[in-house]
Structure formats: structure tokens, C-alpha cells
Amino acid sequence: MIRRPPRRCLVALWLLAFVWIAALAASPARAQLTFPGASPVSAGNIVLREQPVLTSESGGFQGFNGQTIVLYGASPNLALITEGDLIASNMANVVSNGKTVRLAATGIGDTIQEARYTVLQIDGIGSTIRLAPLVGVTVPTGMDNANGQLPRDVQPGTGNWGARAALTASWQTLYWNAEAEVGYHAHAPGAGYLYGNSFVADAAYHYLLWPRDLGNDVPGEWYASLESNYSDTGYNRQYGRNVTGTGGQLWLLDPGIIYGEAVWGFALTALLPVQQTVTPYGSHYNYGLLATVRWSLFTTHHW
Amino acid sequence: MTLPPARRLLPLLFLLLHPAIARAADAVASNQPMANPATPNTLAPAGEVLVIVKGVATPFAVFGIVKGLSKMPGAAHVSFNLQRGLADIILKPGAHLSDEEIRRVVRTASYTPGDIRWKTPLPAAALP
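Chain order of the listed sequences is A and B. When we follow our numbering, the leftmost residue of the first sequence carries the number 1, and every step to the right adds one. When we follow our numbering, the leftmost residue of the second sequence carries the number 1, and every step to the right adds one.
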């Protein structure tokens with residue numbers, strides 16, 4: 001028997017779709033994203049995640065990233081991950097001829113190709129601990145000159161190749177999950193511009209709210225989530241000089257709610273700054289809103 | 001005093017009957033573990049295998065293991081009990097599966113196989 005999602009879930013999905021479309025129309029950033037953890041992915045399993053993120057910063061800066069993540073279990077230990085911004089839109093106030101005008105740079109963002117390999121796996125009944133290093137390449141598929149009136153760092157794409165390395169860990173039990181990531185993201189120069197390298201440290205904790213009785217027939221689970229994102233980014237450099245207003249440190253705490261079934265799930269998360277160190281003329285992070293919708297597919301093709 | 005329309009009483013009626021409905025749903029659910037909807041159990045079971053699968057902690061993880069096990073030739077229906085980490089495989093008539101094949105599928109799904117218990121018939125490897 002095919003289980004149909006409850007009516008309330010359908011209404012929530014429609015609301016999500018509406019918010020996504022509304023955000024597209026409003027156009028908005030440099031998005032703080034949740035990280036790929038070390039959660040197990042079966043060989044042949046394809047996970048599709050849509051992650052629209054809306055962020056707001058001081059100075060009228062707003063950003064929107066419609067991020068798509070495809071995760072494929074290539075083998076029991078190897079997962080291939082593609083992250084791309086199908087739409088990225090940044091809006092900022094610009095002073096021109098003594099007047100402040102609001103401009104937007106909208107287009108396709110960059111793509112990151114990653115490979116994650118599980119090197120440690122400790123499984124028990126209803127629990128698993130995984131450790132998985134991750135390496136990736138940033139491909140400059142994005143538009144780095146969508147609006148020439150806006151600075152380079154506000155464009156949807158960086159125009160720079162990059163490399164990313166991280167160590168991810170997860171500890172999942174029936175009633176709570178914990179994940180962590182420590183990573184480094186480096187960029188290569190492109191067209192006279194170099195994005196600052198960044199160090200990231202993320203942690204997440206998910207606590208099962210309902211159902212607490214996990215016998216037979218568990219249709220789905222509700223989790224409360226709390227995530228922490230820390231990043232330390234260097235100055236961007238143009239023609240060998242630091243670009244003012246770029247780089248800095250940012251620590252976010254992200255409370256949220258997660259619903260997950262076998263085939264699909266969604267999450268709503270608020271991104272709230274706890275502490276930030278901005279460079280002179282840099283903008284302050286106000287808040288962010290992240291929605292995630294996940295679908296799972298299955299194929300028998302794998303290594 | 002006028003009585004409220006009957007349909008306005010429906011939520012109240014639901015609240016009164018809710019415990020009974022919940023008990024009935026639990027009774028039904030206790031015989032219907034998390035099922036793979038793609039393979040309804042329309043065949044008379046020719047046998048059943050219970051497999052402990054370690055490492056499965058979320059419904060998302062259940063998806064991978066149930067899909068993998070249900071793709072095995074001979075599997076008619078697969079369900080999974082999250083709390084007990086127990087996969088229940090109903091076999092098609094005449095199915096021939098071995099312990100090793102089941103373990104291989106569990107490992108491919110990125111989990112660790114535990115005890116395998118056969119309810120009739122015996123695995124192919126054990127047959128004379």
C-alpha cells in the first residue's frame with residue numbers, strides 16, 4: 001500500500017514552494033549553508049536536496065541562494081556530492097550620483113564537486129558512528145559579472161576555481177544525532193581577483209521529539225535541531241591588494257525543526273549571528289532563513 | 001437555546017473517540033511494520049528471514065536497507081523495525097537465498113549485518 005503524505009504535510013510543502021517563489025521574486029546573498037555530514041548513504045541511493053537560503057546583512061544587502069545538492073552512494077563507503085546554486089541573487093544599495101539605488105546581481109552560481117569516503121564505521125543496533133574525510137573542487141560555473149555596477153564579491157559566481165577539504169563525523173542514535181565538520185576552502189585567482197580562503201567549523205545536534213516510541217510502523221520523525229557554524233575568512237584580493245569590507249569571522253547558531261520520512265523530509269532553520277568580527281567597511285550579518293526539502297531515490301547502479 | 005449544527009460537533013466526537021481510534025490504529029500497526037510500498041505482499045509467503053542490521057537509526061536509513069533487500073531475487077516483501085534493528089524478509093515461493101547473499105546486500109547498503117534467523121524454509125546453502 002502506498003502511504004500518502006498527510007494533508008498537513010502537503011499544505012506545508014505548498015507553503016515552502018510559495019516562500020521559495022516569493023524569495024525568488026524578491027531576489028536576495030552570500031549564504032551560510034549547512035554542511036554535508038558523515039551520515040550513511042547506501043550504495044545506489046540518490047539523495048536530492050533543495051536548499052533555498054535567504055540572508056540579510058547591514059547596508060541593505062540581501063542574498064538568496066537556491067542551492068541544489070545531489071548526493072549519490074557510489075559504493076558502501078564512497079559518496080559523490082554535487083552542490084550547485086541554480087539561482088543566486090544578491091541585492092545591495094549602491095550610491096550613484098549622490099543617490100542611493102538598489103541593484104541586484106542575479107544568475108547561476110558556482111558548483112562544488114565533492115567525494116566523501118567513510119574511513120571509520122562503528123555500527124550497533126539503532127546507532128552508528130562514522131568518520132569521513134571529504135575533498136572537493138569548486139568549479140566556476142557561476143556568473144561573475146551578472147551586474148557590472150556591483151562589486152565582484154556580490155556577483156552570483158566567484159569566477160575562481162577552488163579546492164575544499166574537510167573532516168566530517170556523525171554519531172546517530174535512535175533518539176539523537178550529532179554531526180561535526182572541520183574544513184578549509186581555498187580559492188585560485190581568476191581575472192585579477194582572488195577570494196579569501198576560509199576555515200570552517202560546524203557542529204549540529206538533532207533531538208527526536210516525536211514519536212518517542214519507535215516500534216513498528218514509524219511513518220516519520222520530528223526532530224529539534226541546533227547547529228553551529230563558525231567561519232574565518234581572509235580578505236579578498238584584487239590585483240594584489242586587500243579588498244576593503246571583505247573577510248572576517250562569523251559564528252552562527254541555527255535553531256530549527258526537521259521532519260524526516262524514508263523517502264522525503266524537510267527542515268526549517270533560522271541562522272542567527274552570535275559573534276562576528278568584520279573588517280573595516282564590512283557588513284554585519286543580520287539573519288538568515290534556510291529551508292531544506294529532501295527526496296530519496298534508489299538505483300541498482302553502483303560500484 | 002439552539003443546538004450547534006451537527007458538523008460542529010465532529011471535532012468533539014473525534015476527541016472523545018480519539019483514544020479508541022489510536023488503540024485500533026496501534027493494533028493494526030503492530031501487525032504492519034514499516035513496509036516497502038513498491039513490493040506489496042500479494043504472494044503467500046514461502047518462508048521468512050529475520051536479519052539484524054546494525055547502524056540503522058533513522059527512517060532515511062531504513063529507505064536504503066529496505067530498498068536493497070527488496071531488490072534481492074526471491075524477496076517478496078521487506079519490512080524494518082527501527083527499534084530492534086530487525087529486517088523481516090518474506091520470501092517468494094521457491095526462493096533460494098543464502099546468508100552470504102543477505103550479508104552482502106546489507107554491507108552494500110553501508111550497514112553491518114548481525115544474526116540471521118530463518119523461519120521455513122532453510123537457506124539454499126543449508127539444503128542437501
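From the three backbone atoms N, C-alpha and C, an ideal C-beta is built for every residue, glycine too. All values derive from a computational prediction rather than experimental measurement.
Status (buried if at least 16 other CB within 10 Å, exposed otherwise) for residue i
i                      : result
residue 116 of chain B : buried
residue 122 of chain A : exposed
residue 164 of chain A : buried
residue 140 of chain A : buried
residue 294 of chain A : buried
residue 120 of chain A : exposed
residue 59 of chain B  : buried
residue 171 of chain A : buried
residue 254 of chain A : buried
residue 259 of chain A : buried
residue 101 of chain A : exposed
CA-to-CA distance, residue j to residue i, given in whole angstroms
i                      : j                      : result
residue 256 of chain A : residue 226 of chain A : 6 Å
residue 61 of chain B  : residue 206 of chain A : 15 Å
residue 107 of chain A : residue 155 of chain A : 8 Å
residue 58 of chain A  : residue 105 of chain A : 17 Å
residue 92 of chain B  : residue 77 of chain B  : 8 Å
residue 31 of chain B  : residue 72 of chain A  : Because residue 31 of chain B sits at a pLDDT of 40, beneath the cut-off of 50, its placement in the model cannot be relied upon, and the point is left open.
residue 91 of chain A  : residue 280 of chain A : 20 Å
residue 88 of chain A  : residue 63 of chain A  : 8 Å
residue 96 of chain A  : residue 103 of chain A : 11 Å
residue 38 of chain A  : residue 102 of chain B : 25 Å
residue 50 of chain A  : residue 94 of chain B  : 44 Å
residue 186 of chain A : residue 201 of chain A : 15 Å
residue 93 of chain A  : residue 113 of chain A : 33 Å
residue 28 of chain B  : residue 297 of chain A : Caution is warranted here: a pLDDT of 39 is assigned to residue 28 of chain B, below 50, making its placement in the model unreliable, and the coordinate value is therefore given only provisionally. Looking at the two C-alpha atoms, the distance is approximately 28 Å.
Residue i at chain A interface by Cβ criterion, 8 Å
i                      : result
residue 59 of chain B  : yes
residue 87 of chain B  : no
residue 102 of chain B : no
residue 51 of chain B  : no
residue 82 of chain B  : yes
residue 68 of chain B  : yes
residue 71 of chain B  : yes
residue 116 of chain B : no
Contact list for residue i against chain B, beta-carbon separation under 8 Å
i                      : result
residue 221 of chain A : 58 and 59
residue 40 of chain A  : 55, 61, 64, 110 and 111
residue 132 of chain A : Those do not exist, as residue 132 of chain A stays about 11 Å from chain B at its closest Cβ, beyond 8 Å.
Beta carbon proximity, residue i to chain B, threshold 8 Å
i                      : result
residue 262 of chain A : yes
residue 46 of chain A  : no
residue 300 of chain A : yes
residue 158 of chain A : no
residue 225 of chain A : no
residue 70 of chain A  : no
residue 247 of chain A : no
residue 127 of chain A : yes
residue 60 of chain A  : no
residue 214 of chain A : yes
residue 37 of chain A  : no
residue 256 of chain A : no
residue 204 of chain A : no
Residues near residue i in its chain [Cβ-Cβ closer than 6 Å; skip 5 each side]
i                      : result
residue 167 of chain A : 133 and 182
residue 53 of chain B  : 65, 85, 87, 106 and 111
residue 193 of chain A : 152 and 238
residue 180 of chain A : 169 and 203
7 Å Cβ shell around residue i - same chain, five flanking residues per side excluded
i                      : result
residue 218 of chain A : 211
residue 77 of chain A  : 117 and 118
residue 133 of chain B : The structure shown has nothing for residue 133 of chain B, since chain B only spans 1 to 128.
residue 110 of chain A : 85, 138, 139, 140, 141, 142, 157 and 158
residue 47 of chain A  : 41, 71, 294 and 296
Beta-carbon neighbours of residue i, restricted to chain A and to distances below 8 Å
i                      : result
residue 107 of chain B : 76
Cross-chain neighbours of residue i in chain B, by beta carbon under 7 Å
i                      : result
residue 174 of chain A : 57, 82 and 83
Beta-carbon proximity list for residue i, same chain, < 8 Å, skipping 5 on both sides
i                      : result
residue 176 of chain A : 205, 206, 207 and 208
is_contact[residue i, chain E] using C-beta, thresh 8 Å
i                      : result
residue 124 of chain A : Absent from the structure: chain E. Protein chains present are A and B.
Neighbour list for residue i in chain B, Cβ cutoff strictly below 9 Å
i                      : result
residue 296 of chain A : 60, 63, 64 and 67
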